[in-house]
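A.B. asks: One structure is given below, represented as structure tokens, and several questions about it will come after.
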Amino acid sequence: NASPFNPRDAFGSHSDADHVYNTPRAWFMERFLNPYDEVWDGKDADHRPDSNDIPWARQPERKVTIEDVKYVLSSHYQGTEYDPYGKLGDEHTRHMLRPIGINRQSELAVMQIRPYMPEAMRAIQWITYGSNPFNSLIPFYPNVNRTPKYLEDTTTRVTSENFYWENRIIAALADAAFNDTANSIERYQEVVGSLGHAMVKSTDAAVADLLGVDLADYEPEREDNEGEDYDDLVRDPEAIIAELRNDKVREVLAEANDDMAAKLKKETDSLLDTVLYITSMRMKNGFNRSDH
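Quick note on my numbering: the sequence shown kicks off at 1458 and runs consecutively.
Dropping the structure here:
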């Protein structure tokens, strides 16, 4: 009898490199999103970082948030002996596996398509630059005619005046003083995330008012919903295109993006100031007369 076709066996690999580069990342992602599905740690673990049979797809145990996506893609095996910044294990285990959040990351984008919103503002692109453990995802509306200069003007010259290089500088400094800067990084991520969600909420309301629509009509879980869902709101394609190309709507979205970028720069500048000071105080050539 023929065995079932297994694409992993047919097209995948089981190399030694996989066990330090690929399977550990799958192990940690599923360990985070499905913590109760199986035993993940210890000698009785169902799967280990070097297992070849980690499920390639799995339904998370709860709805996945933007914050969950960011955590997974920033992770470095927190709480395990493999964390390069941790205190568990030893120098060998802490540098044994390739983290998900690494030094050479340049850009992360998460496209959120909201079927419960009008087409003009249905899409949100959450974006950030640099090494993921040290940055924060920020929401921007893509249905616009311009991009904030802080994100758009990435130069080949290193400068703190654009978001990419400022994040790269912060990461390089914070990595060298991880434990001392961790609270500042976490605060920054919480503040920027909160500002982002607040921006989305207020902008959605402003665009809905401009379009003359009630967002409750787009909510599939409203109390008076008797089985209707998004499909009941399907409209003529020409009307959708007209809504998407509405210059007034695009300007409202662009202004919201500009405002978000300004707040982002303020918080990122402040973080750079803090991280630079903390790391400077740890320089090996530091010397105080009172210490001797």
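We treat Cβ as the ideally placed atom computed from N, Cα and C, and that holds for glycine.
Owing to the predicted nature of the structure, the values given are computational and were not obtained by experimental measurement.
So for Thr-1585, helix, strand or coil by DSSP?
C.D. replies: strand
A.B. asks: Measure how close the beta-carbons of Glu-1751 and Leu-1545 come, nearest whole angstrom, since I'm counting them as under 8 Å.
C.D. replies: Past the boundaries of the shown model lies residue 1751; the chain is included only from 1458 to 1749, so the question cannot be answered.
A.B. asks: Considering only the alpha carbon of each residue, which of Glu-1576, Arg-1571, Tyr-1598 lies closest to Ile-1584?
C.D. replies: Distances from the CA of Ile-1584 to each of Glu-1576, Arg-1571, Tyr-1598 were compared; the closest alpha carbon is that of Tyr-1598.
A.B. asks: By DSSP, does Gln-1646 sit in helix, in strand, or in coil?
C.D. replies: helix
A.B. asks: Using the Cα positions of Ile-1511 and Ala-1628, report the straight-line distance between them to the nearest angstrom.
C.D. replies: 31 Å
A.B. asks: May I ask you to verify whether the region 1734-1745 touches the region 1624-1638, counting CB pairs closer than 8 Å and requiring at least 3?
C.D. replies: A contact is defined here as three or more CB-CB pairs under 8 Å, and the region 1734-1745 meets this definition with respect to the region 1624-1638.
A.B. asks: Tell me the rounded alpha-carbon separation between Leu-1701 and Arg-1603.
C.D. replies: 15 Å
A.B. asks: Quick one: give me the first and last residue of the alpha helix (DSSP H) that Asp-1570 is part of.
C.D. replies: As written in the sequence, residue 1570 is Ile, which differs from the Asp given in the question. From DSSP, Ile-1570 is part of no alpha helix (DSSP H) but of the beta strand (DSSP E) over 1564-1570.
A.B. asks: Which one or two residues does DSSP pair with Pro-1596 in a beta bridge?
C.D. replies: Answer by DSSP bridge pairing, in chain order: Trp-1583.
A.B. asks: Gln-1646: buried (16+ other C-beta within 10 angstroms of its C-beta) or exposed?
C.D. replies: buried
A.B. asks: Using only the alpha-carbon positions, how far apart do Leu-1530 and Ser-1747 sit?
C.D. replies: 44 Å
A.B. asks: Within 10 Å of its beta-carbon, does Asn-1636 have 16 or more other beta-carbons around it, so buried, or fewer, so exposed?
C.D. replies: Exposed.
A.B. asks: What are the start and end residues of the alpha helix (DSSP H) that includes His-1527?
C.D. replies: The sequence as given places Lys at residue 1527; His does not occur at that position. Run containing Lys-1527: 1523-1531, per the alpha helix (DSSP H) assignment.
A.B. asks: Across the region 1520-1529 and the region 1495-1511, are there enough close Cβ pairs to call them in contact, namely three or more that are closer than 8 Å?
C.D. replies: Output reads no: the region 1495-1511 does not touch the region 1520-1529.
A.B. asks: Could you confirm whether any beta carbon from chain C is found closer than 8 Å to the beta carbon of Met-1717?
C.D. replies: Among the chains of the structure shown, chain C does not appear; only one protein chain is present.
A.B. asks: Can you grab the Cα-Cα spacing for the pair Lys-1527 / Tyr-1539, in whole Å?
C.D. replies: 19 Å
A.B. asks: Go ahead and label Lys-1722 buried or exposed: buried means 16 or more other beta carbons lie within 10 angstroms of its beta carbon, across all protein chains shown.
C.D. replies: Answer is buried; the Cβ neighbour count reaches 16.
A.B. asks: Leaving aside the five residues before and after Arg-1739 along the sequence, list all residues of the same chain whose C-beta is less than 6 Å from its C-beta, in chain order.
C.D. replies: A distance below 6 Å between beta-carbons, with the five flanking residues on each side excluded, links Arg-1739 to the following residues of its chain, in chain order: Ala-1634.
A.B. asks: For Asp-1475 and Val-1649, I'd like the C-alpha separation in whole angstroms.
C.D. replies: Whole-angstrom Cα-Cα distance: 35 Å.
A.B. asks: Measuring CA to CA, which of Ser-1593, Asn-1703, Tyr-1675, Glu-1487 is closest to Ile-1642?
C.D. replies: Ser-1593
A.B. asks: Relative to the C-alpha of Asp-1716, which residue among Lys-1741, Leu-1652, Ala-1696, His-1471 is closest?
C.D. replies: Leu-1652
A.B. asks: Pull up the distance between the alpha-carbon of Val-1664 and that of Thr-1611, whole angstroms please.
C.D. replies: One Cα belongs to Val-1664, the other to Thr-1611, and the distance between them is close to 30 Å.
A.B. asks: Tell me which residues share the same chain as Val-1567 and place their Cβ nearer than 7 Å to its Cβ, disregarding the 5 neighbours each side in the sequence.
C.D. replies: If you ignore the 5 residues before and after Val-1567, its C-beta comes within less than 7 Å of the C-beta of Ile-1523, Val-1526, Trp-1583, Leu-1594, all in its own chain and listed in chain order.
A.B. asks: Distance, Cα to Cα, Val-1657 vs Asn-1714?
C.D. replies: 10 Å
A.B. asks: Here's the rule: buried if 16 or more other CB atoms are within 10 angstroms of the residue's CB, otherwise exposed. What is Ala-1459?
C.D. replies: exposed
A.B. asks: According to DSSP, simplified to helix, strand and coil, what is Ile-1557?
C.D. replies: coil
A.B. asks: Return the CA-CA distance between Asn-1600 and Ile-1626, expressed in angstroms with no decimal places.
C.D. replies: 30 Å
A.B. asks: Give me the residue from Glu-1487, Gly-1536, Phe-1462, Ala-1577 with the minimum Cα distance to Glu-1695.
C.D. replies: Taking only the C-alpha atoms, the option nearest Glu-1695 is Ala-1577.
A.B. asks: In three-state DSSP terms, what is Glu-1700?
C.D. replies: helix
A.B. asks: Please state the DSSP three-state secondary structure of His-1504.
C.D. replies: coil
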